[in-house]
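Following: one structure in structure tokens, then a few remarks.
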Amino acid sequence: MAKQAIARALVSLECQDVTFFLEGIRYQQLEPTWGGSSDSAIDVRCSCAHGLVATGYSRAVAELTALLQDREWRARAGAARAISCGNPREAEALLRFKVLVGDSEPEVIGECFTGLLSIAKEECLPFVATYLSDDNDGVRDFAALALGESRHPEPLEHLRTAWDAVRETGDFRAVLIRAAALLRSDVAFDWLISIIEHGTRAQCRRCGGGRCRYSSAM
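Residue numbering for the sequence shown follows my numbering, beginning at 6 and increasing consecutively.
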């Protein structure tokens, strides 16, 4: 806990010690647990990843490549978040590659989606939108939410297309509603209202039975 606090404090203080952060992204601390051991230094590695990028070190993104393949998924997710703050061209290439090779934990891919849309929104929107039809439900959900969080007008058409393609009983429709609400646009709100006005009872329930249950995000 002390090491985690130190790493976070140094990041907050905008420490420029590249050597410290390079060592930190590789640091592991295995603690005994029932039937084996667990790594308690995941947060340290994530904090040091952000700290390394914040120093402006020219090889920061390259150094974080290994962390993007860490055996702990939370460390991989943290690496994706940190990489998105690095050199845009390098970060986009690496995050796209990570999405293409996949990950056992959909949340890691979700962080890549979010990072890509923060780096190059216009260029990466079509790429992320292709995953609205992914076979992995988790990846599909995170793609929809990342598009919603982009606050860009273009994703609504992708969300509506996905809505029409999904089965009536699919839980994905609830995710699409949430993503549309996250857009916080009048057009998205009108679409949600149209579902309530003209959709089936099941569809209306996904909007909260007459009031979108995600409307607080608007």
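For every residue, glycine included, the Cβ atom is placed at its ideal position computed from N, Cα and C.
(message) With H, G and I counted as helix, E and B as strand and the rest as coil, what does DSSP make of residue 44?
(response) strand
(message) Quick check: residue 149 and residue 133, are their CB atoms within less than 7 angstroms of each other?
(response) no
(message) Using a Cβ-Cβ cutoff of less than 7 angstroms, which residues in the same chain neighbour residue 165 once the five nearest sequence positions on both sides are dropped?
(response) 196
(message) Suppose you measure from the CA of residue 138 to the CA of residue 30; what does that come to, to the nearest Å?
(response) 34 angstroms
(request) Would you decide whether residue 219 is buried or exposed? Buried here means 16 or more other CB atoms lie within 10 Å of its CB. (result) With a pLDDT of 35 at residue 219, under the threshold of 50, the modelled position of this residue cannot be trusted; read the value that follows with caution. Residue 219 comes out buried.
(message) Tell me the DSSP secondary structure of residue 37 in three-state form.
(response) strand
(request) Taking the CB atoms as reference points, tell me whether residue 62 and residue 23 lie closer together than 7 angstroms. (result) yes
(request) Return helix, strand or coil for residue 110, following the three-state DSSP convention. (result) coil
(request) Would you mind reading off the limits of the alpha helix (DSSP H) that contains residue 79? (result) 78-88
(request) Give the range of the alpha helix (DSSP H) segment to which residue 66 is assigned. (result) 65-68
(request) Please classify residue 19: is it buried, with 16 or more other beta-carbons within 10 angstroms of its beta-carbon, or exposed? (result) exposed
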